[in-house]
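Sequences listed follow chains A and B, in order.
First residue of the first sequence: 16, per the working numbering; consecutive thereafter.
First residue of the second sequence: 201, per the working numbering; consecutive thereafter.
Glycine is no exception: its CB is placed at the ideal position from the N, C-alpha and C atoms.
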Amino acid sequence: MGSNILVIFAKTITRSSGLKISAIASINILVILFLRSNALIPYVAMLLSVVASASAIIVDFRLHSILLYVLFVYGLRPGNVRLLISLYSLLVAIVLSLPYLMIDLVSFSLSLSMTFLTALSILSLIYRSIKNTAYVPQI
Amino acid sequence: MEDVVVFLKDVWKTYDEGNNKVVVLKKINASFKRGEIIGIHGPSGSGKTTLLKLIAGLIRPDRGEIIVDGYNLNMLDENGLAMIRNTVVSYIPQDYGVIDDFTVFENVELPMLIAGVGREERGRRVKEVLEYIGLHSKINVKTKLLSGGEKQRVAIARALVMTPSVLLADEPTANLDWNTALKVIELFKNIREDFRTTIIIVTHDPRLLDLMDRSLTLMDGYLKDATYRHRESL
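See below:
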C-alpha cells in the first residue's frame with residue numbers, strides 16, 4: 016500500500032499562503048543581508064527567518080490542521096504523516112535560507128536547521144494534538 | 201455472531217480533566233449487524249462521539265474489546281488502526297471535516313490517495329460516487345462555496361469512496377434544516393440498501409430515531425436499547 020504522499024504534498028503547497036509569505040520574507044532577508052552595515056545584522060536576519068518560518072505555518076493553521084486531521088481519520092500511516100510534515104518543513108526552510116546560500120555558506124546550514132526545526136515542531140505539535148484527542152485543534 | 205460487524209464487550213473509557221478522572225463510558229456491550237442503521241441518542245457530554253471514535257479506531261478504550269469486521273482493534277498497532285480507518289470503517293465528523301481550500305474532487309479522492317490508488321482509478325471512482333450522491337455537477341467546485349447540505353454530501357462521498365463495512369456519522373444533521381436532514385437520512389438508507397453498509401448515527405434529535413432500524417441511548421455512561429421505549433412514546 017504505497018500512499019501518494021507527493022501528490023498530497025503538491026496539493027498542500029499549491030493551496031498554502033505560508034509559502035508565499037516565506038518567499039517574500041526571504042527576499043526581504045536577502046536585501047537586509049546585502050545592505051548589512053554591522054556584524055549583528057546576519058544574526059538579526061536569522062532571527063527573522065525563524066519568525067518567518069513559524070508564521071509560514073501559523074498563517075495556514077486551519078489548512079494544516081484540517082488536512083492532518085483528515086489524513087489521520089482516513090488512515091494515513093504515522094510514518095507517512097511524519098514524512099509529509101518533514102517535506103513541507105524542509106521546503107519552507109530552504110526558501111527562507113536561500114539568502115544565506117547566496118551570501119554566506121556557513122550561515123546557510125545554521126539557518127536551514129533553525130527554520131526547519133521551527134516549522135517541524137509546530138506541525139508536529141498540531142499532529143500530536145490531533146492524534147491524542149481526535150479533534151481538530153482550535154487556535 | 202453471524203453477520204455481526206461491530207462488537208463491543210465491556211468497553212470503558214475515562215478522560216483526565218485536571219486532577220479528576222471522568223468515566224465517560226461504562227461497561228458498554230453492544231453488537232451491530234451488517235446493513236443495520238443504528239441511532240445513538242443522549243444528552244451532551246454523554247459520550248456519543250467518544251463511542252464512535254472508539255469504533256473508528258481513532259482512540260483506544262481503557263478496558264474492553266472492540267471488534268470491527270473481524271478485526272480486534274486492541275490487537276492492532278498504529279499502522280493497523282490506520283489501515284482499518286482507511287478501508288474498513290469511515291468516520292464523518294460533526295463539522296464534516298472537508299478541506300475548504302480543496303475542490304469536491306480533491307476532498308473525495310483523499311482516502312484513495314492515502315491507499316495508494318492510481319490516478320485513473322481515483323478519477324473513475326470519484327465520478328461514480330459523486331454521481332451516486334448527486335453532486336457530480338459540483339466536481340470541480342471548491343468546497344468553501346458549497347452549502348451545509350452539500351458539504352455534508354461531500355463528507356459522505358469521501359467516507360463512501362473506499363466502500364467501508366461501517367459508516368459512522370457524528371450528528372450528520374445537526375447544522376441542517378429538517379428537509380435537508382431527511383434527504384441525508386434517505387441517502388444513508390440508500391447506501392445501506394446498495395452496499396449493505398452498517399451505519400451508526402449519533403444524533404441529539406429524537407425525531408430521527410424513528411427513521412432508524414434500532415436506537416440506543418447513552419445515559420450516565422451506560423448504553424441502553426431505546427427502540428421500543430421511543431416508539432411507544434410516539
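Discussion item. Short of 6 Å in beta carbon distance, which residues of its chain neighbour Phe302 of chain B, apart from the five on each side in sequence? Order them along the chain.
Written reply: Correct list: empty, nothing qualifies.
Worksheet item: To the nearest angstrom, how far is it from the Cα of Gly323 of chain B to the Cα of Leu313 of chain B?
Response: Distance between the alpha carbons of Gly323 of chain B and Leu313 of chain B: 11 Å.
Worksheet item: If you run the structure through DSSP and keep just helix, strand and coil, what is Arg263 of chain B?
Response: Secondary structure at Arg263 of chain B: strand, using DSSP grouped into helix, strand and coil.
Item to complete: Taking Thr417 of chain B as part of the beta strand (DSSP E), name the residues at either end of that continuous run.
Response: Note, Thr417 of chain B: beta strand (DSSP E), 414 to 419.
Practice prompt. Please confirm whether Pro364 of chain B and Thr397 of chain B have their CB atoms less than 9 Å apart.
Written response: In this structure, Pro364 of chain B lies near Thr397 of chain B, with their beta-carbon atoms less than 9 Å apart.
Worksheet item: Quick one: Cα of Asn279 of chain B to Cα of Ala54 of chain A, how far?
Response: Using only the alpha carbons, I get a separation of about 50 Å.
Worksheet item: Is Tyr89 of chain A closer than 9 Å to Arg285 of chain B when the C-beta atoms are compared?
Response: In this structure, Tyr89 of chain A lies closer than 9 Å to Arg285 of chain B by Cβ.
Worksheet entry | In chain order, each alpha helix (DSSP H) run of at least 4 residues that lies wholly inside the stretch 299 to 352 of chain B | The stretch 299 to 352 of chain B contains these whole alpha helix (DSSP H) runs: 304 to 315, 319 to 333.
Worksheet entry | Proximity test, Cβ basis, 9 Å: Thr287 of chain B and chain A | Thr287 of chain B counts as touching chain A.
Discussion item. Please classify Gly270 of chain B as buried or exposed, where buried requires at least 16 other C-beta atoms within 10 Å of its C-beta.
Written reply: With fewer than 16 other Cβ atoms within 10 Å, it is exposed.
Worksheet item: Counting only beta-carbon atoms, is Asn43 of chain A nearer than 9 Å to chain B?
Response: Not closer than 9 Å to any Cβ of chain B, the Cβ of Asn43 of chain A fails to qualify, so no.
Discussion item. At 4 residues or longer, what runs of the alpha helix (DSSP H) sit wholly inside the stretch 22 to 57 of chain A?
Written reply: Here the runs fully enclosed are 33 to 49.
Worksheet item: Quick one: any contact between the stretch 381 to 397 of chain B and the stretch 227 to 246 of chain B, if contact means 3 or more CB pairs under 8 Å?
Response: They touch, by the three-pair rule.
Practice prompt. Assign Glu217 of chain B to one of three DSSP states: helix, strand, or coil.
Written response: Strand.
Worksheet item: According to DSSP, what are the bridge partners of His241 of chain B?
Response: In the DSSP assignment, His241 of chain B forms a beta bridge with B:Thr403, B:Thr417.
Worksheet item: Touching or not, the stretch 94 to 104 of chain A and the stretch 132 to 142 of chain A, by the rule of three or more beta carbon pairs under 8 Å?
Response: Result yes; three or more Cβ-Cβ pairs closer than 8 Å.
Worksheet item: So which of B:Ser337, B:Lys221, B:Ala230, B:Met419 has the shortest CA-CA distance to Lys209 of chain B?
Response: Of B:Ser337, B:Lys221, B:Ala230, B:Met419, the residue nearest in Cα terms is B:Ala230.
Discussion item. Spatial neighbours of Arg77 of chain A within its chain, please: C-beta separation below 6 Å, excluding the five flanking residues on both sides.
Written reply: Closer than 6 Å at the Cβ level, and outside the excluded window around Arg77 of chain A, lies no residue.
Worksheet item: Got a sec, what are the start and stop residues for the alpha helix (DSSP H) Tyr115 of chain A sits in?
Response: Going by DSSP, Tyr115 of chain A is part of the alpha helix (DSSP H) stretching over 93 to 118.
Discussion item. Tell me which residues share the same chain as Asn340 of chain B and place their Cβ nearer than 8 Å to its Cβ, disregarding the 5 neighbours each side in the sequence.
Written reply: Around Asn340 of chain B: Thr303, Val304, Phe305.
Practice prompt. Can you give me the Cβ contacts of Gly242 of chain B inside the same chain, cut-off strictly under 7 Å, excluding the 5 residues immediately before and after it?
Written response: Around Gly242 of chain B: Lys248, Thr417, Leu418, Met419.
Worksheet item: In the structure shown, what three-state DSSP assignment does Asp210 of chain B receive?
Response: Asp210 of chain B: strand per DSSP, three-state reduction.
Discussion item. For the stretch 342 to 356 of chain B against the stretch 289 to 301 of chain B, do three or more pairs of beta-carbon atoms, one drawn from each stretch, fall closer than 8 Å, so that the two count as touching?
Written reply: Verdict: yes, contact present.
Worksheet item: If you check the beta carbons only, do Val172 of chain A and Gly33 of chain A fall under 9 Å apart?
Response: The question about residue 172 of chain A has no answer here: the residues shown for chain A are numbered 16 through 154.
Discussion item. On the DSSP bridge list, what partners appear for Thr398 of chain B?
Written reply: Bridge partners of Thr398 of chain B: B:Val366.
Discussion item. Distance cutoff 9 Å, beta carbons only. Does Gly33 of chain A sit that close to anything in chain B?
Written reply: For Gly33 of chain A, the answer is no, since every Cβ of chain B falls outside 9 Å of its Cβ.
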